[in-house]
Structure formats: structure tokens, C-alpha cells
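Quick note: to get the working numbering, add 529 to the position in the sequence shown (first position is 1). Backbone N, C-alpha and C define an ideal beta-carbon position, used for all residues, glycine too. All of these numbers come straight from a predicted model, not from anything done at the bench. Report on one structure; see the data block that follows.
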Amino acid sequence: MNVSNRLRTQGWFWSIALIWVAAAYGREPLSVRVATTPGGPQIHVNGTPVPPRFFWGSENSGNIRADADWSTCQFDLTPERDAPGNATLHFRFADTPGEVWIKELRFIDTVTGADVLPSGSFASEAAFQQCWSVWPQGAENTVGTLAFTDNALHVTLRAPAAGTARPDFHLYSRHLTFSKARTYRCSFAVKAAPAQSVLPCVYRVDNGHYSRIGGPPGSFYTQIALARDAGVNLVSFSAPACWAPPEKTQDWSPLDALCRRIIAVNPNVLLVPRVSANAPDWWLKHHPDARMVYDGQTPYPISCVSHRAYRAAVCAHLEKLTQHLREAFPGHFAGVHPCGQNTGEWFYYDSWEPPLSGYDPATRDAFRAWLAARGVPDAATAEPPEHQARRAHPHGLLRDPARERRLIDFALFQQEEMADHVLALAAACRRGSGGQALTLFFYGYGFEFGPLGNGAPTSGHYALEKVLRCGAADIDILCSPISYTDRRWLGTAPVMSAAESVTRSGILWLNEDDSRTYLDPRKQEHVQEGGLVNLQQTQQVMLRNTAQAALRGFGTWWMDLPGQGWFNDAAIWREMVRLRPVDEAMCRRPQPFTPEIAAIIDETSMCHLTGGSATAAQPLIYEGRAALGRCGAPYGQYLLADALAGKVSARLLFYLSAWHLDDAQRKTFAAQRRDAGATVRVWCWAPGYLRPDRADLGGIADVTGFKARPADVETAQATPTARGRQHGLTQAWGPVAKVRPLFTVEAADDEVWATYTDGSPAVAIRRAAQGHDVFVGVPQLTPELVHALARLAGVHCYTAPGPALWAANGHLSIQAHTDGAVRIDTGRQNRVTDALDGTELGNGPVITLHMQPGEVRVLHD
């Protein structure tokens, strides 16, 4: 059965809704907003809910395949506007080491035959140097060298040195001129050994922004058509911001032309362009003090979010841009996604690299104002802390409030600055749309930044609670990529954020699913990012990931990240169609996803992590999601503020980073331990160790009920005791490294489930007046530990530890990671069916399915 037939037979609810909505397209401005429903936030178009499923792509040129024999290639282009000497032809190459030869390059006007680019420019070094340049230059070019033989350009490609990133090696021509509506033809001969692809593309350059003019046909529009046929009309795409100097007339034509080309493929499309909100080069030249400065002295070519003139300017431009799109495309404009800083995701530029930002005048002034607002006596003369101090951890991996106050303050300040910037941009977009279009932002990756070498707070993503509290009126969707840990074929595809706290605030969470499908031609990165080797693996992962999103009430977009056709196969899109009945059911659910296991982080505590703290934070916070995802029961991700407010109703509560607590928080925890019922509270690593003014060993007992002392061991590894083995713990675990601080507790033998290498308790469980308190000193979780504690808490476990699974509202999604029988306990004596095709599978509460590794099933009972 083809895609359109499957859509008609399985997705009648959504089909009718979309047809009704589409009838209004093009006549009146759309209202596209996220609205709260009993089941959680949902995208509504003119008041009608639609599936929160997108395609994301970018308009890139297609690849030309080159093999051992010479082949002649050509492509035509017809510019939609003049390019008076500001166009350029680029040649890019695959990341496969080898050799490429190109000759007989011509670029002509098809009417007059006149050369746009001098002929023979690849025939000799002298001719090349007159017309072409290489990027990058000098020592930064580690992968490509040029030679000229037999009137041909000879490019030798090699792999970058181990541990180094591959540069964007390419060739670019200078100063080409094209006239609007004229047709031009580029032709050349090419061969390669071994066979690989060559990517030519023509751009127009305006104020540092590159707009594609033409090239070999790419896959952007074919993928939009495939999404359309699968019932996916929401399309997000990379788009020019058209932010020009004030002395120039505002020209929206590159953006408008791109939108028109998309509409031509799908007349019912809902457009959500992604635009850069970084200041353009011309603006930075006028405002050099707005550049970010690193390690005290080095300026970078990117605008600082603390620069108030930049903030005002970008807000003004985004308001104009959003208003223009609403007026120009009233029946299609659905929202806007402003992006900036590192990879457009609103964490501080180069957070993953050693240099530290924060040394420009704008940041210093904003920091002083932040301190003054909090009554700090020396605020007027304060300076950002020295970068060496920010990397250091002389008192352990958690900052000591008594001795490192200024470092903590600067970390907290950086979070608020980024959050305030995002909030200002959101308000501008909302004004521009008249409150009738979506606003989307990357932000809140609280579970993702544990591995940062300089510490998680250097990201600026730990003010999510403020964004939710202050931005719910202006932000519809917060999003991130699926986590870069455990996203592989046999993985769990964790979420980066406290996503359940996001949805509880009325904002939709969206997973950017940039899974490296089997169509990814970039072989080196494909392997590094857990790429999928064939169509079957791709289908399984897209089904697993999208089913998780549906059950948790999230949006998704399938992202062709490099614009090279990752989703250019109707067989992949069939998985989206198969899931439509689940989307339909989740739209009508009476309550939101409410799992019995909660993973909870505290943003203030995360801001006490030092440089080098990845030793503890990576295994506990970052990798902990993989353990939770394999424990046999679903889990949710929350902020501590929600847990303290009584908004988290789980039976099993993992307090992953409740390290810093003030007196009011401690009193709330004490009351919850006394009155909250039979829950199991798991206190991880250094719970309650930090107070606002000091580190306090006694603070651990205040929170957990366990008297603690430092653990003086060479590694943070733990080994199960006999009691632990009785509860299913079989293997030692924990970082094979010295971790400081590290704690053990006083506990009776029958309370200890695991010990450090010196025999002191590493995991201890104690019955409290209500429920249990669990001390987990080792900064790491395992699936079997989570599963054992889930059993203790009375959590319903659907399987033994191992498979990746999610469950909500009578639906269960499960991916097998091993071959064989999977025993599934649905917990109900109902008939169990395949939720995708209705096949009867047996009667609950227990069924057994024989599953292959990677196989995904979605069940309904």
C-alpha cells in the first residue's frame, strides 16, 4: 500500500483536520499557536489541533558522482535577482580521502555564449590564481592540496589528524556577475579515485550572508514532497535573515523567493523559517565592542548577548521580519525560529572548546549591573573572574560558596544573560506576528552539558526555569537535538532537557531528530554520530524516536542536517504514516504523560560545577539517561522547582543534582519526606552538601537522613554487596577515576547495597516515615540499579532491564536490543494489539514477543 493510501486508511482524523485547515490557506492570515489541552500542549492551526510533526531541510545543491573515468557534467541556473559582481561558484568534496580531477570548466550565458567565468581557470596554477581561492588557507587547511596536470585541476584529499575536526575545505571563485531571469550554464569534466561526490554550488553574497542561486538539483524539494505525501505540512528550513545596513533599502526577496519555491511544491505548507539572530558582519564592523572576547583578550567575530545595542537591534529586525512574513504569506506563515551563538542553539559560542568567553566590555558592564541589583558592595568595580580560575577546581568539582563566591556569581549571571536575551527575542517575534504565529527557540539543555571541559555552566543553558516562568506568553516551542549520547541504532534517544517541566508550563517540547540515516554520504561523521547502515535500521530508529515523542507529548522534526537528502526515501516516511493513529490517540488523551520515575536536576546546583567536573557530571547527568531509558519503565525529566512545588507525582524520584539547597528548600524536602507518601527518594552524589554561604557536610544528613563523611578512595567505583545482589545488582560500576568530593554514609549492613573499594557504603537504602531514602554516592546509575529501585518503589515495570521503552495512556513503545523473547507486563487484563496496524497480539497482563535486535513495536491495550 502506498503512502497516500496509508494516510487515507489510517489517519482519517488528522486528514480531515488538515483538509479543513488547508481550505483556509491563502485567503486569511493563519493563527498557528500552541494551546494547552488536557493531554498537554498541542499545535493548533486556526483552532484545530495538528500533529506536531515537521520536516527540516535546507536548499543545497545536489552532489555529482565522480568515478575513475572522465564524465561531463552540467547544470543551468536562472537567478531570481541580479548579482552585480557578488556571486561566487564553490566546489566542495566528500570527506573520503582520495583524488579528484576537474577540467574544461566553463560558465556561460546560454543566449550570448559569453563566459561568466574565464575559461581554462582550472588548466594551470596561474589561471587558477587569477580566478579562485582556497578555504581555509595556510595551516588551517589540513585536508586538501592542489596541483595542475594535463590542463586539469588535481585535488588530493586526506583525513584530518586524529582528534581534530575536519575543516570546511572548498574552492571559491571571485566576483561573478549574473542578471535576473537570464539562464547560465556551468559545465566541466570530472573523475575521482576512489569514486566519490563533488558538490558545486553558486551563491550570492550579501553582507556576509550566502544565498544559494543555483547548482545541480538537490533533494530539498523532493523531501518536502515526500513529507507532504506523508501528511506532514509543517516545514522548517534554513532561511536568510535579510538584515541589511540602514543605508540600504530593505530587500526581502531572497527570503520571499525561497518561501515561494517551497509553496510551489506543497500548496498547503506551513512555513517555519530558521533565521540567524547573530549580528551580521557589517553590524559588528560598526560596533566592534560588541564582539565576544575570550580568555581575557581574544575577540571573536560573533555578537555578545550582553551588548544592549545588539539586543535592541536584533529585536527590531526580528519584529520586522516576522511582520513581513505574516503579510507576505498570510496563508502559509506559521512561525519563526531565531538562532544564534554556538551552532545557533543559544549556548555560548565555542562552549565545547578550551577558551572562555566573558571578557568584552558589554559582559563586564552587565555583570556589574547584575551584582549591583543583588546588593554586592564592590559591584561598581567588579571584573569577570580570571579564565584560569574558571577552569580550576582547587576545592573539588563543586564550587565552595565561602571561597569561590565570585565564580559562582558569574556562572549564575551567564545563565540569566542568555535567558534574558532569548526572552527579548521571543517578545519581538510575538509582536511581529501579532500573536498569531509560533515562536521557537533552542534552550534548556540541562541534561546535556555535563561533559563540557570547562564545566556545564559555561553553556548558559541553566536558567530554563526563568524562561518557563517569564516566557510562556511569548514562546510556543523549546527544542533541541536528540541527545548525542545513546542515539545509536540500539539506543534510547534521550532528551536533552527537563522536558516534562517544559510541557507542564504550557510550552511544547520538540526533538530535533537529526539521526544520521543510511543516506548520509559523510562516512566519517556518520560513524562518529552513531549512523545507521541500512534502510531497516533507519526505519527502526525513526519509529523508535517518533513514538517516544508521541507518547511523551513532544513535537519532532526530521532533519536533513547538511541538506544532502537524509530523508529522501518514501520508505522512511512510511514510518511517520504508520504512527499517525498513535498521534491521533495522544491528541485526545485525557491527561499528559505522567511516568512513575522522575529524573530531576537543579539548575543552581549545576552552576556550582567547576572546570573538569565532567569526571562526575558526565556519568551521572549525561549518561544517566541511558540507564534510566533501559530500566524497564518510562521516566520523565524535571526541574527541581517543580518537585519542590509538588508538581512531580512520581513514585521514584532521582535527585540527580540537589547539591546546593537553601534553608527554604531543605524545609520543603523535610516536609515532603514526612508527608508525601510512599515514595522512594534517590539522592545522588553530594545531596545537600552546599548551602548558600558554605560547604557543609552536615547538610547531607538534613536532606537524606544519612550521616555522611568523605570517602577517601582512589576511584568512585562501587561493588554490589550480598544485599545488593539480592535486589538484582550484579556488576560493579562507577567512574574509574578519583572524584572529589565523594561521600560515604553511616548505615547498617542490611541497608547497604554497594560499597566503595575500601568497603564503605556507596549505596544505602533506609526506610523513612514515608517511603524510602536512598543515598547513591557513586556518580553514576545503571539500568539494574534503577530497575531495583523501581521495584522497591512499586513502579510498574513493563520488562526486565534492557529494552528501550516508553508508555502512556494504554500505549507502549519498545525497541529490543537483543535477540529473543521479550516478556512484557502491560499491567492490565486487556486485549493487546499492534497500535500501528491493529493486529491482535494476545491478552494481558503478560504477553511474550519474539524480537530481533533493533525491532520496534508499538502496542495498545
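Nearest-angstrom Cα separation, counted from residue j out to residue i
| i | j | result |
| --- | --- | --- |
| residue 947 | residue 718 | 50 angstroms |
| residue 859 | residue 558 | 4 angstroms |
| residue 1154 | residue 698 | 36 angstroms |
| residue 1351 | residue 1362 | 16 angstroms |
| residue 1314 | residue 1074 | 24 angstroms |
| residue 1063 | residue 1100 | 12 angstroms |
| residue 1102 | residue 760 | 10 angstroms |
| residue 1381 | residue 1159 | 17 angstroms |
| residue 715 | residue 746 | 13 angstroms |
| residue 835 | residue 841 | 11 angstroms |
| residue 553 | residue 574 | Residue placement at residue 553 is flagged as unreliable, the pLDDT there being 42, under the threshold of 50; the coordinate-derived value follows with that caveat. In a straight line, the C-alpha of residue 553 is about 10 angstroms away from that of residue 574. |
| residue 1205 | residue 1299 | 7 angstroms |
| residue 875 | residue 1080 | 27 angstroms |
| residue 550 | residue 918 | Caution is warranted here: a pLDDT of 44 is assigned to residue 550, below 50, making its placement in the model unreliable, and the coordinate value is therefore given only provisionally. Residue 550 and residue 918: Cα-Cα distance of roughly 57 angstroms. |
| residue 892 | residue 674 | 41 angstroms |
| residue 604 | residue 1161 | 54 angstroms |
| residue 1326 | residue 1316 | 8 angstroms |
| residue 1138 | residue 928 | 6 angstroms |
| residue 523 | residue 955 | Nothing in the structure corresponds to residue 523, since the chain is present only between 530 and 1390. |
| residue 1219 | residue 973 | 23 angstroms |
Burial state of residue i, where buried means 16 or more other Cβ atoms lie within 10 Å
| i | result |
| --- | --- |
| residue 1163 | buried |
| residue 861 | buried |
| residue 994 | buried |
| residue 1018 | buried |
| residue 644 | exposed |
| residue 1132 | buried |
| residue 676 | exposed |
| residue 932 | exposed |
Coarse secondary structure for residue i, derived from DSSP in three states
| i | result |
| --- | --- |
| residue 1155 | helix |
| residue 720 | strand |
| residue 1291 | strand |
| residue 603 | strand |
| residue 1386 | strand |
| residue 1252 | helix |
| residue 672 | coil |
| residue 562 | strand |
| residue 1358 | coil |
| residue 882 | coil |
| residue 1342 | strand |
| residue 571 | strand |
| residue 1116 | helix |
| residue 1086 | strand |
| residue 552 | For residue 552, the pLDDT reaches just 43, beneath the cut-off of 50, and the residue's location in the model is therefore unreliable, leaving the point undetermined. |
| residue 611 | coil |
| residue 1239 | strand |
| residue 653 | coil |
| residue 1016 | coil |
| residue 623 | coil |
| residue 1232 | helix |
Run of the beta strand (DSSP E) containing residue i, from where it starts to where it stops
| i | result |
| --- | --- |
| residue 738 | 738-743 |
| residue 627 | 627-638 |
| residue 752 | Looking at the DSSP string, residue 752 is not in any beta strand (DSSP E); the run it does join, the alpha helix (DSSP H), is 749-758. |
| residue 734 | 725-735 |
| residue 662 | 661-664 |
| residue 1372 | 1369-1372 |
Span of the alpha helix (DSSP H), counted from its first residue to its last, around residue i
| i | result |
| --- | --- |
| residue 866 | It is not in any alpha helix (DSSP H) - residue 866 instead sits in the beta strand (DSSP E) that spans 864-868. |
| residue 1102 | 1099-1107 |
| residue 839 | 837-857 |
| residue 1028 | 1028-1033 |
| residue 791 | 782-794 |
| residue 999 | 993-1000 |
| residue 1009 | Where residue 1009 is concerned, there is no enclosing alpha helix (DSSP H), although the beta strand (DSSP E) it sits in stretches over 1006-1010. |
| residue 961 | 934-962 |
| residue 813 | 810-815 |
| residue 897 | 890-902 |
| residue 1306 | It is not in any alpha helix (DSSP H) - residue 1306 carries neither H nor E in the DSSP assignment. |
Expected contact under 8 angstroms - CB spacing of residue i and residue j to nearest Å
| i | j | result |
| --- | --- | --- |
| residue 940 | residue 986 | 4 angstroms |
| residue 1127 | residue 1167 | 5 angstroms |
| residue 1020 | residue 1333 | 7 angstroms |
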